[in-house]
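Residues 132 to 261 in our numbering are what the sequence shown lists, from first letter to last.
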Amino acid sequence: MRRQWVSVVAGGLLLIPSVLAQSPISAITDPLRVLTNDVAQFDFVTRLVVLLVSLALTIVAVRAWKRNKSDTLQWIAFAFLLFSLKYFIKIVDLFVSPGYFFSDAADNVFELLALGVFAYVIFFRNPSKG
(Lines of atoms letter the chains of each structure in order from A; the text may use other names.)
(Lines give C-alpha, C1' and ligand atoms only; values in the text may rest on other atoms or scores of the structure.)
Protein backbone atom coordinates (compact mmCIF):
# COMPACT_ATOMS: atom_id res chain seq x y z
CA MET A 132 0.00 0.00 0.00
CA ARG A 133 2.81 2.33 0.89
CA ARG A 134 4.55 1.57 -2.41
CA GLN A 135 1.45 2.58 -4.31
CA TRP A 136 1.35 5.95 -2.58
CA VAL A 137 5.02 6.52 -3.27
CA SER A 138 4.52 5.77 -6.95
CA VAL A 139 1.44 8.04 -7.12
CA VAL A 140 3.31 10.90 -5.45
CA ALA A 141 6.40 10.36 -7.61
CA GLY A 142 4.27 10.26 -10.74
CA GLY A 143 2.52 13.44 -9.67
CA LEU A 144 5.85 15.15 -9.04
CA LEU A 145 7.02 14.13 -12.49
CA LEU A 146 3.93 15.71 -14.06
CA ILE A 147 4.34 19.07 -12.32
CA PRO A 148 6.97 20.48 -14.74
CA SER A 149 4.87 19.63 -17.80
CA VAL A 150 1.75 21.12 -16.21
CA LEU A 151 3.62 24.27 -15.23
CA ALA A 152 5.08 24.57 -18.73
CA GLN A 153 1.56 25.04 -20.11
CA SER A 154 -0.47 27.91 -18.84
CA PRO A 155 -3.94 27.09 -17.59
CA ILE A 156 -5.37 29.33 -20.30
CA SER A 157 -3.68 27.37 -23.09
CA ALA A 158 -5.33 24.21 -21.79
CA ILE A 159 -8.65 25.90 -22.55
CA THR A 160 -7.73 27.74 -25.74
CA ASP A 161 -5.82 24.99 -27.55
CA PRO A 162 -8.90 22.83 -28.18
CA LEU A 163 -10.77 25.96 -29.26
CA ARG A 164 -8.05 26.72 -31.82
CA VAL A 165 -8.48 23.25 -33.30
CA LEU A 166 -12.24 23.74 -33.45
CA THR A 167 -11.84 27.19 -35.01
CA ASN A 168 -9.54 25.82 -37.68
CA ASP A 169 -11.94 22.97 -38.42
CA VAL A 170 -15.03 25.17 -38.84
CA ALA A 171 -13.24 27.89 -40.82
CA GLN A 172 -13.87 25.93 -44.00
CA PHE A 173 -17.63 26.30 -43.42
CA ASP A 174 -17.51 30.07 -42.85
CA PHE A 175 -19.48 31.05 -45.96
CA VAL A 176 -22.12 28.37 -45.39
CA THR A 177 -22.51 29.37 -41.74
CA ARG A 178 -22.90 33.04 -42.64
CA LEU A 179 -25.47 32.19 -45.30
CA VAL A 180 -27.48 30.02 -42.89
CA VAL A 181 -27.46 32.73 -40.21
CA LEU A 182 -28.53 35.31 -42.81
CA LEU A 183 -31.43 33.13 -43.96
CA VAL A 184 -32.55 32.34 -40.41
CA SER A 185 -32.39 35.99 -39.35
CA LEU A 186 -34.30 37.03 -42.49
CA ALA A 187 -36.93 34.39 -41.76
CA LEU A 188 -37.27 35.62 -38.17
CA THR A 189 -37.51 39.20 -39.42
CA ILE A 190 -40.30 38.23 -41.81
CA VAL A 191 -42.16 36.31 -39.10
CA ALA A 192 -41.88 39.26 -36.69
CA VAL A 193 -43.04 41.75 -39.35
CA ARG A 194 -46.03 39.57 -40.24
CA ALA A 195 -46.93 39.24 -36.56
CA TRP A 196 -46.57 42.99 -36.13
CA LYS A 197 -48.87 43.65 -39.10
CA ARG A 198 -51.46 41.37 -37.56
CA ASN A 199 -51.72 43.06 -34.16
CA LYS A 200 -49.70 46.32 -34.51
CA SER A 201 -47.69 45.70 -31.33
CA ASP A 202 -44.82 48.10 -30.78
CA THR A 203 -42.94 45.28 -29.07
CA LEU A 204 -43.07 43.15 -32.21
CA GLN A 205 -41.94 46.12 -34.27
CA TRP A 206 -38.84 46.45 -32.09
CA ILE A 207 -38.17 42.72 -32.28
CA ALA A 208 -38.46 42.82 -36.08
CA PHE A 209 -35.98 45.71 -36.10
CA ALA A 210 -33.49 43.72 -33.98
CA PHE A 211 -33.70 40.74 -36.33
CA LEU A 212 -33.33 43.11 -39.28
CA LEU A 213 -30.07 44.34 -37.73
CA PHE A 214 -28.79 40.76 -37.58
CA SER A 215 -29.86 40.24 -41.19
CA LEU A 216 -28.06 43.39 -42.34
CA LYS A 217 -24.96 42.42 -40.41
CA TYR A 218 -24.74 39.01 -42.06
CA PHE A 219 -25.58 40.40 -45.48
CA ILE A 220 -22.64 42.79 -45.12
CA LYS A 221 -20.43 39.95 -43.88
CA ILE A 222 -21.27 37.84 -46.95
CA VAL A 223 -20.67 40.74 -49.32
CA ASP A 224 -17.42 41.40 -47.47
CA LEU A 225 -16.17 37.91 -48.36
CA PHE A 226 -16.40 38.76 -52.05
CA VAL A 227 -15.38 42.43 -51.99
CA SER A 228 -12.32 42.29 -49.76
CA PRO A 229 -11.88 38.69 -48.55
CA GLY A 230 -13.30 39.33 -45.09
CA TYR A 231 -11.32 42.43 -44.13
CA PHE A 232 -13.70 45.31 -44.88
CA PHE A 233 -16.28 44.60 -42.17
CA SER A 234 -14.10 44.59 -39.07
CA ASP A 235 -14.80 42.94 -35.74
CA ALA A 236 -15.48 46.37 -34.27
CA ALA A 237 -18.23 47.06 -36.82
CA ASP A 238 -19.58 43.55 -36.25
CA ASN A 239 -19.72 44.23 -32.51
CA VAL A 240 -21.63 47.48 -33.07
CA PHE A 241 -24.38 45.65 -34.97
CA GLU A 242 -24.60 43.01 -32.26
CA LEU A 243 -24.63 45.61 -29.50
CA LEU A 244 -27.47 47.50 -31.20
CA ALA A 245 -29.52 44.34 -31.73
CA LEU A 246 -28.94 43.14 -28.17
CA GLY A 247 -29.76 46.63 -26.90
CA VAL A 248 -33.09 46.49 -28.73
CA PHE A 249 -33.84 43.06 -27.23
CA ALA A 250 -32.92 44.34 -23.75
CA TYR A 251 -35.12 47.39 -24.25
CA VAL A 252 -38.07 45.22 -25.26
CA ILE A 253 -37.57 42.76 -22.40
CA PHE A 254 -36.77 45.12 -19.55
CA PHE A 255 -38.04 48.61 -20.38
CA ARG A 256 -41.11 48.29 -22.61
CA ASN A 257 -44.41 48.80 -20.87
CA PRO A 258 -46.47 45.70 -21.70
CA SER A 259 -49.69 47.70 -21.64
CA LYS A 260 -48.46 49.77 -24.61
CA GLY A 261 -48.08 46.64 -26.76
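In this text, a Cβ means the ideal position worked out from N, Cα and C, and glycines have one as well.
The segment 160-175 makes no contact with the segment 185-199: fewer than 3 CB pairs, one atom from each, lie closer than 8 Å.
Here DSSP, grouped into helix, strand and coil, assigns Arg256 to coil. Contact check for Asp235 and Lys217: beta-carbon distance about 12 Å, past the 8 Å limit, so the pair fails to qualify. Judged by DSSP secondary structure, Tyr218 falls within the alpha helix (DSSP H) whose first and last residues are 202-227. Annotation for Phe209: Val248 place their beta carbon closer than 7 Å to its own, counting only its chain and skipping 5 residues before and after. In the three-state reduction of the DSSP assignment, Phe232 falls in the coil class.
For Ala187, the enclosing alpha helix (DSSP H) starts and ends at 174-199. If you draw a straight line from the Cα of Leu225 to the Cα of Arg178, it comes to about 10 Å. The criterion of a C-beta distance shorter than 8 Å is satisfied by Ile222 and Leu182. Listed in chain order, the non-local C-beta contacts of Leu204 below 6 Å within the same chain comprise Ala192, Ala195, Trp196, local neighbours out to five positions each way being set aside.
With contacts defined as CB atoms closer than 8 Å, Ala250 and Leu213 fail to qualify as a contacting pair.
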